[in-house]
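Peer 1: A single structure is presented below for examination.
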Amino acid sequence: MTSASLEMQRWIRFTPLQRLARFAVFFVMAAAVAWALKTIEIIPEFLYDAPEQVVDMGSRMWPIDWEHFWPAVWPALVETMHMSAMATILGLMMGIPVGFLAAGNATPFLWVNLIAKFILVATRSISTLIWALFFVAMFGPGPLAGALAIAFHSIGFIGKMFSEAVEESNRGSIEALQAAGATRMQQIIMGYWPQVLPTFWSVALFRWDINVRESAVLGLVGAGGIGMALNAAIDLIQWQRVALILLTIFIVVILIETIVTQIRKKVI
Amino acid sequence: MNVASLADKSIVTRADFFAPSLGKRLAYVAVFVYLVYAAATLGLSLDRIEKGVGYGVRFLAGFFPPNFTETDIIPGLLESLQIAFLSSLIGTALAIPIAVLAARNLMPVWVSWLARLLIIFCRSFHPVIVAIIAVKAVGFGALAGIIALTFASIGFVGKLLSEAIEEISKKQIEAVRATGASFMNVIAYGVVPQVMNRFIGFVAYETDSNLRNSTMVGVVGAGGIGGTLFSAFQRFDYNFVAGIILCIIGLVMIGEVLQIYVKRVFR
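Protein chains in written order, with my numbering: chain A, 1 to 268; chain R, 1001 to 1267.
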């Protein structure tokens, strides 16, 4: 056997184009990191000082101020839970129709799909804090602004998941409905909806889990909930209360994640 | 409606298949009652909505025309990018060993529990909350943002990567072990090839999510465009606010497209 034929038999996993694309990705990543490292403005004293400062702050957080829980933290926590539940339900009510409009098979009008997709991307790109700034300006400070902020931010995620599920749904039952003369609304309710029901439950639970976390920060811009208690404690330099609130958030988030995983195991 | 009870009936009608279930209806009623109750506790009223919509329209009218000319936007956006890149790099670098330690099929139980606890801890706090604490600890600026997003990255990549490692096929690991390979060799030749593509997907997603969050942490003083946005909000410079928000949307959209592209390259 000649060396040329050996050369022919050598197995190469990727085509040159694939290798080039991979190389390009790695190159861009490395270049981005190099640029960031070179140009970022960090005051070196702050960096060297950081461990000492963190230890100092930790020591001021101890002992945790348990007394503060019932008068201030508990009501704020309840408000947070209401906010996140309301926001999830509102987000589902707004996100699902947009999701159906964005799916090419349920809504066969290209321009409607494009507008709906733009709504999905735009609502997702604006972070909850920015939405909260809007709604605080509209409705004044309070949990209402927070709930609306999270609901609007959720539209993008919920709608995207739904439109993907709708686009993947089986054509058979839809065609059967069409043959029976069902209107578009009937097709959606009797044809698509039963197929995307598992997605509905998983998205609703997943988003609720995210929304609880999100609603914990909205108090910073005055949108109610436990973030407001956190902000007050930080502004008053009451680190022992800050520790209590952080611990509360930690426990609640873990509890909810456990509940969600348990329900998901049972329902889906 | 189960099939056995249908078989007993002589005539099966449509109503038998679409019989309303009591439990479902009760659940709907419960959700509705809760909505009314929660709306009441949140202080939602028609009067307030009417007023709010009026303010909202005035507010949106203040956005036009958006103002892009001010020189604050570009440095802010660049700082957000720097925060996103560096926190993704550091976070991923720290997340890899933690994820390996957290994988239950590679490690003894107590090690994996400790690592999982660390991951849960990093995941449960929103990056902005970590950013507040980081600002108090290391002062205003990009460093606080990097610390905050590094925490988030460790939580996210750590969780997904450890789950990916737990799902790999045992056979390849056993094959590599049978050749007498050391632990690091098992990782390099048994584990990495099986999780590499998914790992790159996680990192791409994480970078994208860090990019979004890096535009947000500035609100609490942790560097990036968020600080510019927040101060524009506070001085009621809504034209500038609109300009910044449009820039953020543009940046996030570019990030999302790049993320999809990277995932496609490594499929």
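Cβ atoms here follow ideal geometry from the backbone N, Cα and C, with glycine treated the same way.
1. With the cut-off set at 7 Å, would you say residue 1090 of chain R and residue 1102 of chain R are in Cβ contact?
2. Quick check: what's the CA-CA separation for residue 1252 of chain R versus residue 92 of chain A?
3. By the 10 Å Cβ neighbour count, where 16 or more other Cβ atoms means buried, how is residue 78 of chain A classified, buried or exposed?
4. Can residue 102 of chain A and residue 129 of chain A be called in contact, C-beta distance under 7 Å?
5. If the cut is a Cβ gap below 7 Å, which residues of chain A does residue 1143 of chain R touch?
6. Report the neighbours of residue 1248 of chain R on chain A: residues whose CB is nearer than 7 Å to its CB, in chain order.
7. Exposed or buried, which one is residue 187 of chain A when buried takes at least 16 other CB atoms within 10 Å?
8. Using a C-beta to C-beta distance shorter than 9 Å, which residues of chain A count as neighbours of residue 1116 of chain R?
9. Under the three-state reduction of DSSP, which class applies to residue 114 of chain A: helix, strand or coil?
10. Pick out the complete alpha helix (DSSP H) segments inside the stretch 114–168 of chain A, 4 residues or longer, and give them in chain order.
11. Does any residue of chain R bring its CB to less than 7 Å from the CB of residue 22 of chain A?
12. So residue 1082 of chain R contacts chain A; which residues on that side make the cut at Cβ distance below 7 Å?
13. So residue 1120 of chain R contacts chain A; which residues on that side make the cut at Cβ distance below 9 Å?
14. Between R:1196, R:1142, R:1037 and R:1177, which has its C-alpha nearest residue 1160 of chain R's C-alpha?
15. Would you tell me roughly how many angstroms separate the C-alpha atoms of residue 40 of chain A and residue 1058 of chain R, rounded to the nearest one?
16. Using a cut-off of 8 Å between C-beta atoms, extract the partners of residue 220 of chain A located in chain D.
17. Please work out which residues of its chain come closer than 7 Å, Cβ to Cβ, to residue 1112 of chain R, disregarding the five sequence neighbours upstream and downstream, and give them in chain order.
18. Assuming residue 1210 of chain R contacts residue 1084 of chain R (C-beta within less than 8 Å), just tell me the rounded distance between them.
19. Could you tell me which of A:31, A:147, A:218 and A:12 sits nearest to residue 1125 of chain R, measuring between CA atoms?
20. Taking 8 Å as the cut-off, does the stretch 1148–1158 of chain R touch the stretch 1210–1228 of chain R (at least 3 CB pairs, one atom from each stretch)?
21. Taking Cβ to Cβ, would you say residue 231 of chain A is nearer than 7 Å to residue 220 of chain A?
22. Excluding the five sequence neighbours on either side, which residues of its own chain have a C-beta within less than 7 Å of the C-beta of residue 164 of chain A, listed in chain order?
23. In angstroms, rounded to a whole number, what distance separates the CA positions of residue 1263 of chain R and residue 31 of chain A?
24. Buried or exposed for residue 55 of chain A, please, with buried defined as at least 16 other CB atoms from any protein chain shown within 10 angstroms of its CB.
25. Assign residue 256 of chain A to one of two classes, buried (16 or more other C-beta atoms within 10 Å of its C-beta) or exposed (fewer than that).
26. Identify each residue in the stretch 1044–1068 of chain R for which the Cβ-Cβ distance to at least one residue of chain A is less than 7 Å, and report them in chain order.
27. Using the beta-carbon of each residue, which ones in chain A are nearer than 9 Å to residue 1104 of chain R?
28. Could you tell me how far apart the beta carbons of residue 156 of chain A and residue 123 of chain A are, in whole angstroms, since I believe they sit closer than 8 Å?
29. Please classify residue 1044 of chain R: does DSSP put it in a helix, a strand, or coil?
Peer 2: If we stick to the structure as given:
1. Cβ atoms of residue 1090 of chain R and residue 1102 of chain R: not closer than 7 Å.
2. In this structure, the CA atom of residue 1252 of chain R is about 23 Å from the CA atom of residue 92 of chain A.
3. Its Cβ having fewer than 16 others within 10 Å, residue 78 of chain A is exposed.
4. no
5. 42, 46 and 47
6. 125
7. buried
8. The contacting residues do not exist; residue 1116 of chain R stays about 11 Å from chain A at best.
9. helix
10. Runs found: 128–139 and 143–167.
11. yes
12. For residue 1082 of chain R, the neighbours in chain A by C-beta distance under 7 Å run, in chain order, 36, 39 and 40.
13. 250, 253, 254 and 257
14. R:1196
15. 39 Å
16. No chain D is part of this structure, whose protein chains are labelled A and R.
17. 1101, 1102, 1103 and 1104
18. 4 Å
19. A:218
20. yes
21. yes
22. Within its own chain, no residue has a Cβ closer than 7 Å to the Cβ of residue 164 of chain A once the five positions on either side in sequence are excluded.
23. 19 Å
24. Flag for residue 55 of chain A reads exposed.
25. buried
26. Those residues of the stretch 1044–1068 of chain R that come within reach of chain A (Cβ to Cβ, closer than 7 Å) are 1044, 1048, 1052, 1055, 1056 and 1059.
27. Neighbours of residue 1104 of chain R in chain A, taken as residues whose beta carbon is under 9 Å from its own, are absent, since the nearest beta carbon is some 16 Å off.
28. 4 Å
29. coil
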